[in-house]
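Beneath this line is the structure, given in structure tokens, with notes to follow.
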Amino acid sequence: MKNTLMRWKLPIVCLVWQVAMIILFGVFIRYDEESDAHWSVTMLSQNHSLLENQFYFRYPSFQDVHVMVFVGFGFLMTFLKRYGFGSVGFNFLIASFSIQWSLLMQGWFHSLDFSDGKIKIGLESLINADFCAASVLIAFGGVLGKVSPVQLLIMSLFQVTLYAVNEYIILNILGAKDAGGSMVIHVLGAYFGLTVARILYRPNLDQKKNESVYHSDLFSMIGTLYLWMFWPSFNSAISNNGDAQNRGVINTYCSLAASVLAAIAISSVFEKKGKINMNKVKEDRAKAQISQDLLQWQKRPKELNNRVMFRTDSSVAGVALGSAAEMMANIPYGITDCSELSQESVSTLGYIFLSPFLEKYLKIQDTCGIHNLHGIPGVIGAIVGAVTAAAATEEVYSREGLKHAFGFEGKFADRTPSVQGGYQAAALCVTLLLSVGGGTIVGFILKLPFWGDPSDENCFEDEVYWEVPGEEEAALYSVHYADSPPTKSAANGDTQQ
Amino acid sequence: MKNTLMRWKLPIVCLVWQVAMIILFGVFIRYDEESDAHWSVTMLSQNHSLLENQFYFRYPSFQDVHVMVFVGFGFLMTFLKRYGFGSVGFNFLIASFSIQWSLLMQGWFHSLDFSDGKIKIGLESLINADFCAASVLIAFGGVLGKVSPVQLLIMSLFQVTLYAVNEYIILNILGAKDAGGSMVIHVLGAYFGLTVARILYRPNLDQKKNESVYHSDLFSMIGTLYLWMFWPSFNSAISNNGDAQNRGVINTYCSLAASVLAAIAISSVFEKKGKINMNKVKEDRAKAQISQDLLQWQKRPKELNNRVMFRTDSSVAGVALGSAAEMMANIPYGITDCSELSQESVSTLGYIFLSPFLEKYLKIQDTCGIHNLHGIPGVIGAIVGAVTAAAATEEVYSREGLKHAFGFEGKFADRTPSVQGGYQAAALCVTLLLSVGGGTIVGFILKLPFWGDPSDENCFEDEVYWEVPGEEEAALYSVHYADSPPTKSAANGDTQQ
Amino acid sequence: MKNTLMRWKLPIVCLVWQVAMIILFGVFIRYDEESDAHWSVTMLSQNHSLLENQFYFRYPSFQDVHVMVFVGFGFLMTFLKRYGFGSVGFNFLIASFSIQWSLLMQGWFHSLDFSDGKIKIGLESLINADFCAASVLIAFGGVLGKVSPVQLLIMSLFQVTLYAVNEYIILNILGAKDAGGSMVIHVLGAYFGLTVARILYRPNLDQKKNESVYHSDLFSMIGTLYLWMFWPSFNSAISNNGDAQNRGVINTYCSLAASVLAAIAISSVFEKKGKINMNKVKEDRAKAQISQDLLQWQKRPKELNNRVMFRTDSSVAGVALGSAAEMMANIPYGITDCSELSQESVSTLGYIFLSPFLEKYLKIQDTCGIHNLHGIPGVIGAIVGAVTAAAATEEVYSREGLKHAFGFEGKFADRTPSVQGGYQAAALCVTLLLSVGGGTIVGFILKLPFWGDPSDENCFEDEVYWEVPGEEEAALYSVHYADSPPTKSAANGDTQQ
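Residue numbers (numbering that gives the first Met the number 0), protein chains in the order written: chain A, 0 to 496; chain B, 0 to 496; chain C, 0 to 496.
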């Protein structure tokens with residue numbers, strides 16, 4: 000039996016890190032303009048209303064995202080029959096740590112005010128911190144049940160850092176676009192988690208423990224539904240105000256509804272006896288992620304339309320392409336949904352053929368199936384983005400449209416679409432490299448023998464790290480077993496003879 | 000044993016319908032003005048703020064309604080001890096299908112733009128689609144546990160169609176008012192579902208299976224509470240902006256609170272030994288529906304008040320009636336709450352005397368008691384509406400008030416209140432006719448032998464259509480039964496001797 | 000066995016009170032300006048938009064608070080293994096009663112319009128009613144499982160009254176500040192509940208029944224997470240529009256995240272074998288309450304900053320203090336978080352040393368540990384407030400700043416900070432006195448023998464007051480116990496021999 004005692008390790012890591020963060024917050028973090036007390040003075044002096052605060056236009060989406068991170072991811076993972084406390088509780092712990100640490104890391108990389116060396120945070124920072132926590136929780140899904148809370152905290156510390164670095168490289172240096180978070184959230188989270196799971200491979204692990212029971216599956220449905228229902232908020236939370244947020248919601252809503260039918264159909268086809276597998280249904284929520292990536296590209300043809308309209312439809316050359324583009328731009332789920340279905344198929348084939356392959360040949364034990372849920376959709380989303388960018392032409396988009404769509408401004412002013420396509424592909428490669436590289440380093444750190452990870456027979460067991468209500472459980476049911484509870488009869492077999 | 004294999008039927012129905020909808024979306028559905036990319040251009044050119052998008056004033060209510068449809072209805076029905084997957088999962092499936100199909104159907108009937116033959120959808124369309132899904136889920140409650148997913152999809156297809164047709168007839172052709180959705184949502188859903196349940200009557204069904212267990216009732220409370228808490232959003236989601244939405248929320252909030260006390264009181268009186276029945280408590284949420292109907296009529300006297308005020312209270316004749324009207328208009332739950340209580344009593348008497356009658360004499364097996372929950376309240380709401388309309392006089396309301404309250408404009412300009420009362424009553428009859436007629440047709444279609452419905456002994460059993468985690472369940476508890484789990488001891492009784 | 004029959008007592012109390020409230024609502028309650036139908040007329044006549052209704056800026060927060068009260072508190076208390084119905088159901092009942100009664104009580108004390116003798120309610124009134132219900136539910140936590148629903152209703156009736164009276168005395172008469180509700184919500188609720196629990200002390204109560212099982216703890220986590228996630232809404236729901244609400248959310252978000260790490264650390268240190276106790280983790284949500292109290296005081300130095308800025312930093316004397324103040328004002332969780340940690344330690348020491356003391360020496364059986372969750376944090380928050388007020392000087396705050404921060408206006412215009420500190424302390428004493436005094440009276444009323452409270456052996460048992468699904472429960476599991484269910488084998492021990 001390994002030593003899984005957390006008495007000193009966990010409290011020390013928690014407290015030291017928390018105190019460190021408090022100090023760093025004290026030194027670096029300040030309120031941004033809209034949450035600062037001076038804001039009201041400024042607004043009132045300019046005859047503006049106090050109601051024109053971004054707070055009112057972001058807060059409902061923010062709370063939805065917050066629910067997704069804590070209830071959605073937390074309960075999604077409660078499907079394991081004896082790991083409910085760990086799923087919800089560790090989710091709670093590492094998400095709470097990650098949002099604080101990512102406020103600092105994302106702040107240093109993205110919103111450091113060089114005039115006073117401070118990070119100005121506002122509601123949008125909180126949403127971004129929740130996004131980063133979502134990426135951490137994706138990785139958590141890969142190692143669920145096989146690591147100690149201290150290992151989880153170390154993973155989170157590194158992954159949040161990696162997240163901010165990767166985001167900085169691909170968005171600021173490479174100038175890639177990643178509106179839906181395909182690369183920064185999903186690819187990074189999935190491949191980082193899978194790499195760590197690979198390094199921590201347990202050859203003798205009994206996979207039978209990695210199973211659900213009836214009620215644990217129902218708890219898991221709570222998480223599934225919240226992730227599904229609030230996905231429109233996730234996709235639109237930091238979009239531009241006005242029609243963009245509105246469009247993002249409508250688009251995601253339609254795509255999500257379509258994905259449910261696809262998921263149930265495919266589950267029924269491939270499952271033995273044609274029954275539906277609840278876990279398969281849960282997956283579909285991830286598919287909608289790609290819709291946001293496509294929505295991002297939809298904006299471009301939009302520009303075309305504006306341009307075309309403004310030029311009073313004089314362009315004839317653009318008609319053939321334009322009609323496709325128009326369709327892409329104006330149909331809430333036309334294109335995205337086709338992709339949804341093909342996506343669904345790819346993911347299911349992955350589920351059936353790839354998952355055993357991962358385990359057998361790559362020796363990756365992926366508890367929650369994050370490769371199918373986040374890895375593959377993320378990579379496909381990124382590739383589609385690269386191809387779409389490379390295929391864009393000035394004839395269809397106009398120079399202005401290209402500039403607007405790809406951000407060909409400032410230091411990226413000289414780019415052409417094909418170059419942009421290359422950078423999009425480069426961004427995917429960088430993300431993959433960073434996640435596998437970072438995951439390898441973190442994996443070996445976590446392999447050190449003193450982090451208190453559970454032995455093989457204790458994996459997927461709450462009792463290792465949690466005070467679990469013990470014998471009393473039987474009592475609940477024994478009341479109904481007439482008068483003599485099976486607890487006793489089983490324990491003291493003698494008495495029955 | 001019937002053949003309940005879903006392998007080909009379910010996937011084919013799901014995929015074919017989904018592909019059909021994608022094509023129809025591609026042909027018909029476009030973004031409306033406020034979610035279209037041109038909107039921002041227009042707004043900015045007119046010096047308007049991007050924040051004046053209906054999105055910001057509807058989105059929180061929309062998400063609440065969305066939660067009601069998926070978590071509320073889904074978990075409400077998990078009370079059956081072995082039908083949790085089916086309750087949540089089929090709810091998920093048919094709601095997802097219904098919202099897509101109703102975007103199309105409602106679009107064709109209500110928001111088809113004849114200039115380009117397209118349906119323009121926005122956030123309000125999504126809310127209306129969720130409302131339509133709610134009606135479908137009400138009918139689902141009547142046949143819960145006794146039909147296959149394919150049958151559910153067929154039911155939904157027809158009911159959504161019926162919903163759009165009925166809405167078109169009673170609102171557009173008959174010119175009736177139905178603000179709270181009494182008729183279009185509740186009466187239609189309940190009587191359609193009951194008729195289908197009647198046709199699918201199973202004489203040998205063991206009603207004992209239609210029961211709850213301790214934890215399934217707790218899951219069910221999740222659904223109950225979400226339906227209850229978000230009812231104010233349901234009632235105000237598509238109200239006019241400003242005070243109307245505000246008033247709708249306050250009114251519903253107060254009525255809902257009152258209904259809880261009434262429900263618990265009545266449950267305690269009629270239940271054996273004076274204990275409270277959880278299922279009875281759950282019902283009270285439906286009672287608040289009627290409050291919205293009354294709120295609708297409250298608006299009329301409001302107009303009176305304005306008129307009176309503007310005419311500086313010169314009207315003496317209107318005082319007696321006016322004071323009653325004023326009370327009706329200004330007291331958040333005065334009238335609605337009295338009706339609440341009488342409503343509650345009617346529903347409970349229904350629960351005690353009518354439900355057995357339904358089963359015994361009408362041969363309707365109503366799994367969730369939708370007749371008491373939605374049928375009776377809906378009919379009462381509609382009748383109250385008709386009577387109130389018929390009793391309105393020009394003296395009390397003024398010509399202007401009548402016009403505003405009943406929409407006596409356009410082709411309905413010549414109507415008098417008593418005529419309007421007749422049309423309200425006609426609308427109820429049309430709704431009842433359509434639901435019973437449609438339900439009969441659909442019922443006989445569902446009786447065809449190849450839809451894979453479960454045999455009597457498999458009703459209310461998840462195992463027929465779902466991969467249920469099997470023997471492992473015992474393992475969870477056996478761990479606590481000291482060392483020798485009852486699983487074995489019970490199975491191999493020999494070992495104990 | 001005591002007579003716990005509720006058949007007549009509960010329905011009569013519910014119905015009589017509900018009818019009384021309907022009449023009182025009819026006499027007293029009217030819509031306020033923004034929910035009244037005249038509002039739209041006024042706004043439109045002044046060229047204002049219908050969107051400038053407080054509804055849109057409060058509604059999302061209101062719904063979050065509403066969810067906290069019904070799902071948060073309701074499910075939080077489901078940890079008891081056989082008291083899930085009572086926890087959720089009685090929570091539902093008394094919260095529904097309390098919000099109605101507090102609309103009346105708070106209305107009479109705070110928003111009675113003397114011109115027409117009516118109470119004008121709006122969305123903010125509903126939020127305040129939910130706050131009052133939260134205080135009632137805190138007290139409920141102290142007596143959970145040991146009283147009848149009639150006793151709970153009587154407790155609620157008195158506590159809501161006490162709440163309104165206390166609020167009136169400390170805010171309006173003493174002129175104290177209590178933005179976070181430390182005193183009015185937490186101290187009052189906790190000490191009122193504890194006093195009642197003391198009077199109702201049951202010397203022979205078997206504390207073993209006061210325990211959780213695995214799934215009941217998971218249900219409880221639903222409540223915990225909702226209380227935690229929506230705390231930012233709770234703290235900002237009635238703040239001033241604009242930056243104040245924004246700041247309140249950011250501050251609470253950061254403090255809450257920090258408190259999770261602290262809670263897990265401390266639980267792990269003090270728990271036997273270093274395991275984490277789920278119940279300990281649940282507690283941390285209460286800690287964030289204090290952050291709002293401190294946020295209140297943060298506003299003051301803010302004023303200083305403005306002043307300093309406006310005076311172009313000419314003040315040198317204020318630098319030393321000002322830098323501390325600046326830190327306090329501009330760092331989202333700097334100070335509050337330090338307090339968070341010390342708070343956490345105090346509460347944990349309380350949990351370990353004080354709880355047994357409460358039970359053994361003070362004879363208070365505190366089912367949910369409300370003393371640690373709400374009592375201590377509330378008192379500390381109030382003391383910190385008093386000390387901060389007393390220590391404020393005109394040099395640091397400027398006369399204007401003091402006026403703004405402490406409300407030194409009107410009849411309090413002559414106050415100095417040290418006097419204000421005294422009044423803050425007096426407010427705490429008044430609150431404590433009222434809660435203990437009121438609790439004593441109510442406790443003795445509840446000791447009367449005819450309220451149907453459960454006997455000692457029936458405490459923490461749903462079966463006393465609820466229709467509990469009975470023997471069927473075993474059936475669910477027995478299906479999985481191969482073929483011969485343990486129900487029978489245990490009941491008919493003979494068959495096995």
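C-beta: ideal position from N, C-alpha, C; glycine also.
Which residues in chain B sit within 8 Å of residue i, going by Cβ to Cβ distance?
i, result
"Y82(C)", "Per Cβ cutoff of 8 Å: no residues; Y82(C) is ~11 Å from chain B at best."
Just to make sure I have the definition right: I need the residues of chain A whose C-beta is within less than 7 Å of the C-beta of residue i. Which are they?
i, result
"P59(B)", "P59"
"I137(B)", "Result: empty, since nearest Cβ-Cβ is about 19 Å, beyond 7 Å."
Could you give the C-beta distance for residue i and residue j, rounded to a whole number, given that I count them as a contact under 8 Å?
i, j, result
"G273(B)", "L4(C)", "5 Å"
"E33(C)", "N245(B)", "6 Å"
"K242(C)", "A262(A)", "Sequence inspection shows Asp at residue 242(C); the Lys mentioned does not correspond to that position. So it is not a contact: roughly 44 Å between Cβ atoms."
"N2(A)", "G451(A)", "6 Å"
"L103(A)", "A264(C)", "Contact doesn't hold; Cβ gap of about 20 Å is too wide."
So residue i is in the alpha helix (DSSP H); what residue range does that whole segment cover?
i, result
"I221(C)", "213-228"
"I168(C)", "Where I168(C) is concerned, there is no enclosing alpha helix (DSSP H), given that its DSSP letter is neither H nor E."
"R57(B)", "53-66"
Answer yes or no: does any C-beta atom of chain A fall closer than 8 Å to that of residue i?
i, result
"A256(C)", "yes"
"L499(B)", "A question about residue 499(B) goes unanswered here, because the residues of chain B that appear run from 0 up to 496."
"A36(B)", "yes"
"F443(B)", "no"
"L9(B)", "yes"
"C13(B)", "yes"
Does any C-beta atom of chain C lie closer than 8 Å to the C-beta of residue i?
i, result
"E210(B)", "yes"
"F407(A)", "no"
"I367(B)", "Checking the sequence shown, residue 367(B) turns out to be Cys, not Ile. Taking Cβ atoms only, chain C never reaches closer than 8 Å to C367(B), which makes this a no."
Below 7 Å on C-beta distance, what does residue i contact in chain B?
i, result
"Q244(A)", "F54"
"V259(A)", "F91, L92, S95"
Which residues bound the beta strand (DSSP E) around residue i?
i, result
"K446(B)", "Element bounds for K446(B): not the beta strand (DSSP E) but the alpha helix (DSSP H), 416-446."
"R246(C)", "That residue, R246(C), is in no beta strand (DSSP E); its alpha helix (DSSP H) goes 242-269."
Consider the Cβ of residue i: report whether some Cβ of chain B lies at a distance smaller than 8 Å.
i, result
"L241(A)", "The sequence given here has Gly at residue 241(A), not Leu. Yes - at least one Cβ of chain B is within 8 Å of the one on G241(A)."
"H214(C)", "yes"
"S417(A)", "no"
"S238(A)", "no"
Can you name the residues of chain C whose CB is closer than 8 Å to the CB of residue i?
i, result
"D63(B)", "Q62"
Quiz item: For the stretch 145-161 of chain A against the stretch 197-205 of chain A, are there 3 or more C-beta pairs whose distance is under 8 Å?
Solution: yes
Quiz item: Quick one: any contact between the stretch 184-194 of chain A and the stretch 377-388 of chain A, if contact means 3 or more CB pairs under 8 Å?
Solution: yes
Quiz item: So, do the stretch 212-232 of chain B and the stretch 252-259 of chain B have three or more beta carbon pairs nearer to each other than 8 Å?
Solution: yes
Quiz prompt | Cβ pair count under 8 Å reaching 3, the stretch 458-469 of chain C against the stretch 423-436 of chain C | solution = no
Self-check item: contact_flag[the stretch 216-228 of chain B, the stretch 68-86 of chain B] where n(CB pairs < 8 Å) is 3 or more
Solution: yes
Quiz item: Is there contact between the stretch 168-179 of chain B and the stretch 40-56 of chain B, where contact requires at least three CB pairs shorter than 8 Å?
Solution: no
Exercise. Give a yes or no on contact between the stretch 60-76 of chain B and the stretch 124-141 of chain B, applying the rule of three or more CB pairs nearer than 8 Å.
Key: yes
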